[in-house]
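Notes for the one structure printed next.
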Amino acid sequence: MESSDDSIPDNWEDEAEEVTQEEAASWKKEANYVFKTEADTVFTQNAYSSLLNQEEQLLSHYSNKKDSTPKDHLPKKEPIIRPKAEEIIEKLDKKSLISSLIGRDYLSIPYKTHVNIVFIGHVDAGKSTLCGNIIYKSKKIDSRIVEMYELEAKENNRESWWLAYIMDVNTEEREKGITIEVGRAFIETDHRVVCMLDAPGHKSFVPNMISGAAQADIAALVVSARPGEFESGFQKGGQTTEHILLCRAMGVDSFIVLITKMDTVNWDEERFRFIQNSLMPFLIDKCKLNPQHVHWIPISGLDGTNLLINEECGWYKGKAFLQVLDECEVGGKDENAPLRIPILDKAKEMGTVVLGKVEAGIVVKGMKVNLMPGFCEAEVQEIMGVEDEKIMFARPGMNVRIKLKGSDEFKSGSVLCDPYDFPIVSETFTVDIMVLDLLPHKPLLIPGYVCIIHLGIAVSECTFHSVISVSDPKTKKHVKASYIRANMRAKAVLRVKEPMCISVFSELSALGKFALRDEDITIGLGKILEVKDIL
Ligand SMILES: Nc1nc2c(ncn2[C@@H]2O[C@H](COP(=O)(O)OP(=O)(O)OP(=O)(O)O)[C@@H](O)[C@H]2O)c(=O)[nH]1
Numbered sequence: 001m002e003s004s005d006d007s008i009p010d011n012w013e014d015e016a017e018e019v020t021q022e023e024a025a026s027w028k029k030e031a032n033y034v035f036k037t038e039a040d041t042v043f044t045q046n047a048y049s050s051l052l053n054q055e056e057q058l059l060s061h062y063s064n065k066k067d068s069t070p071k072d073h074l075p076k077k078e079p080i081i082r083p084k085a086e087e088i089i090e091k092l093d094k095k096s097l098i099s100s101l102i103g104r105d106y107l108s109i110p111y112k113t114h115v116n117i118v119f120i121g122h123v124d125a126g127k128s129t130l131c132g133n134i135i136y137k138s139k140k141i142d143s144r145i146v147e148m149y150e151l152e153a154k155e156n157n158r159e160s161w162w163l164a165y166i167m168d169v170n171t172e173e174r175e176k177g178i179t180i181e182v183g184r185a186f187i188e189t190d191h192r193v194v195c196m197l198d199a200p201g202h203k204s205f206v207p208n209m210i211s212g213a214a215q216a217d218i219a220a221l222v223v224s225a226r227p228g229e230f231e232s233g234f235q236k237g238g239q240t241t242e243h244i245l246l247c248r249a250m251g252v253d254s255f256i257v258l259i260t261k262m263d264t265v266n267w268d269e270e271r272f273r274f275i276q277n278s279l280m281p282f283l284i285d286k287c288k289l290n291p292q293h294v295h296w297i298p299i300s301g302l303d304g305t306n307l308l309i310n311e312e313c314g315w316y317k318g319k320a321f322l323q324v325l326d327e328c329e330v331g332g333k334d335e336n337a338p339l340r341i342p343i344l345d346k347a348k349e350m351g352t353v354v355l356g357k358v359e360a361g362i363v364v365k366g367m368k369v370n371l372m373p374g375f376c377e378a379e380v381q382e383i384m385g386v387e388d389e390k391i392m393f394a395r396p397g398m399n400v401r402i403k404l405k406g407s408d409e410f411k412s413g414s415v416l417c418d419p420y421d422f423p424i425v426s427e428t429f430t431v432d433i434m435v436l437d438l439l440p441h442k443p444l445l446i447p448g449y450v451c452i453i454h455l456g457i458a459v460s461e462c463t464f465h466s467v468i469s470v471s472d473p474k475t476k477k478h479v480k481a482s483y484i485r486a487n488m489r490a491k492a493v494l495r496v497k498e499p500m501c502i503s504v505f506s507e508l509s510a511l512g513k514f515a516l517r518d519e520d521i522t523i524g525l526g527k528i529l530e531v532k533d534i535l
């Protein structure tokens, strides 16, 4: 039944975003920036004097040209009125603020961009083996440790698994031969510092896989070419499609498909093309990936062919995995945006140390920060980079450990942000949701339906508050509805148990995309359209 004048207009997504931006703008105006500490005073003063310097330089530039420049081209010398702190922050870009804080122009030094790649795919596809081999071949591991792993694999009757042991570090993972936690290792390509996130393939550990996907810029989809293995991973119940959908839900737009175990099919091109043709419609048509952002490489994770350099595979003339990884497209991140670091983990190490990836803005040693949604004030005492080296500041994309001084009454999943510019904190928000399969005994999403939401790396219980509309699959027009069935696209209002840091998707995808899970299955994926700030 299509509603008449009160039907949802086609452009409701745009309208929803505008409302949020207006709300954000009015909040920003009302905000009262308070600079309490000495460090903050220096920060503000430096920013202020930098602003004055810019003005003076401009004036002297014009007065030196006095004779040749007509008078009315000169800017009028106005009495200088000290601007308010918030005006300074609005006028100056973040880079000059940071440069003045750390006293040198560090930010113009060329550097390698940082990217995270998550390895996804069905259980036993070969993810850990190929990650381990990349580390081994890049000589990032001591030969004595390799010998130890070889011995341990032999003792566990899993001789060929020693490469996987480089990523699978805990005893249970090694004894069972499966990944449980997201493994993490760093390598460097010519232009990038790459964090490899080895996600578990087993369906019991999908929540861990989602946390890996939420940190990723690129996905490496690992598919086994061994007869029968590709088929079981891609069929209903296999993890290949679920992992692809979850990565898309977490905002990953760039995929490298690694068709591995090619040694088991004698590097048969026909097998490679069969897998490629089977996966292509799902990636391009269903998941709406740009074909130019999907790369295909035949490899063997076990012997390392085509991992670092293109080797001995007559019919494949393309690049090796690390060469593609060095240059494939990743979405830009905004250095000048307010600081956002979703906290992945928190530990006590002579103070509180947090682990996270800088999603937006720049974090600088010595700056004041706030951990939201709990309003925990703290100071950045140390920043540690990928090799645990101490650094002065970190840019977007970088994985950092940060030692904090101050309150530690915050949970993992909180967001570390600027002291004067917080993300929206809310418990109720409007979403655009694509519903997948639903549980046989719970076939409708209706107000009151309770499930688990993975909002980036944060996890919470969530309830369907109301259903607004569903999209008619034929006309694509939204029609009023009071329930949602499997495989429908809909607009609904969700409510989480406790306030969370949330963003409209178009503003910051890291806090604006989500997956819904119920009883171990993924029931929906979506993005946030509108949020009511409760602060
Ligand atoms: N012949 C051959 N065997 C491989 C290759 N890659 C992995 N294997 C074997 O496949 C099995 C599973 O490999 P893993 O690397 O543990 O698979 P995984 O995808 O990390 O497994 P989960 O993380 O538990 O899902 C092991 O016995 C590996 O030795 C390959 O390229 N060729």
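In terms of full-length UniProt numbering, the sequence shown opens at residue 1 and continues consecutively.
Ideal placement from N, C-alpha and C gives every residue a C-beta, glycine not left out.
Asked                                                                                                                           : Found
Contact under 8 Å by Cβ, D518 with L439                                                                                         : yes
Cβ shell of L308 (< 8 Å), same chain only, five flanking positions each side left out                                           : I134, K137, S138, A320, F321 and L322
Uninterrupted beta strand (DSSP E) stretches inside the segment 293 to 375 (no shorter than 3 residues)                         : 294 to 298, 340 to 348, 352 to 357 and 368 to 372
Check: K319 C-beta below 7 Å from any heavy atom of ligand 1                                                                    : no
G233 Cβ short of 7 Å to ligand 1 heavy atom set                                                                                 : no
Separation of A337 from F410, as counted between CA atoms                                                                       : 23 Å
Range covered by the beta strand (DSSP E) that runs through H465                                                                : A458 to S471
Bridge-paired residues (DSSP) for S426                                                                                          : M500
At least 3 beta-carbon pairs within less than 8 Å: the segment 390 to 399 vs the segment 478 to 498                             : no
Cβ-based neighbour list, R226, same chain, cut-off 8 Å, excluding 5 preceding and 5 following                                   : K261, T264 and V265
Whether V193 touches T522 by CB criterion (8 Å)                                                                                 : no
F429 and L516 closer than 8 Å at C-beta                                                                                         : no
First through last residue of the beta strand (DSSP E) which encompasses S254                                                   : S254 to T260
Beta-bridge partners of R184, as assigned by DSSP                                                                               : L197
Pair within 8 Å by beta-carbon distance, I502 and P396                                                                          : no
Limits of the beta strand (DSSP E) - the one that F220 falls within                                                             : Checking the sequence shown, residue 220 turns out to be Ala, not Phe. Counting along the chain, the beta strand (DSSP E) containing A220 begins and ends at I218 to S224.
Check: S211 C-beta below 7 Å from any heavy atom of ligand 1                                                                    : no
Contacts around L371, its chain only, beta-carbon distance under 6 Å, and the 5 residues preceding and following it disregarded : F410, S414 and L416
For V369 and P419, believed in contact at Cβ under 8 Å, the rounded distance                                                    : 6 Å
R395 in three-state terms, based on DSSP                                                                                        : coil
Per DSSP, the bridge partner or partners of N116                                                                                : C195
Where the beta strand (DSSP E) through I446 begins and ends                                                                     : Counting along the chain, I446 falls outside any beta strand (DSSP E), and DSSP gives it neither H nor E.
Beta-carbon separation (whole angstroms), residue 547 vs Y165, contact threshold 8 Å                                            : Since the first residue shown for the chain is 1 and the last is 535, residue 547 is missing from the structure and cannot be characterised.
Heavy atom of ligand 1 within 7 Å of T240 beta-carbon                                                                           : no
Boundaries (first-last residue) of the beta strand (DSSP E) holding A515                                                        : K513 to D518
Residue nearest to I453 in terms of C-alpha spacing, selected from L525, P298, M384 and V467                                    : L525
Length of the line joining the Cα atoms of D217 and L325                                                                        : 11 Å
Nearest residue (CA-CA) to V222, options A214, R340, L279 and F464                                                              : L279
Three-state secondary structure assigned by DSSP to M280                                                                        : helix
The segment 339 to 351 / the segment 456 to 467 touching (three or more Cβ pairs under 8 Å)                                     : yes
Where L74 falls, given that 16 or more other Cβ within 10 Å makes a residue buried                                              : Residue confidence for L74 is low, a pLDDT of 35 falling below 50, so the modelled location carries little weight; the figure read from the coordinates is stated next. Burial call: exposed.
Where V34 sits in the DSSP three-state scheme                                                                                   : Its pLDDT being 25, under 50, V34 is placed unreliably in this model, and the value from its coordinates should be taken loosely. V34: coil per DSSP, three-state reduction.
H122 beta carbon less than 8 Å from that of G301                                                                                : no
Residue from S128, W162 and N157 whose Cα sits closest to the Cα of S143                                                        : W162
C-alpha gap between E152 and K532, whole angstroms                                                                              : 54 Å
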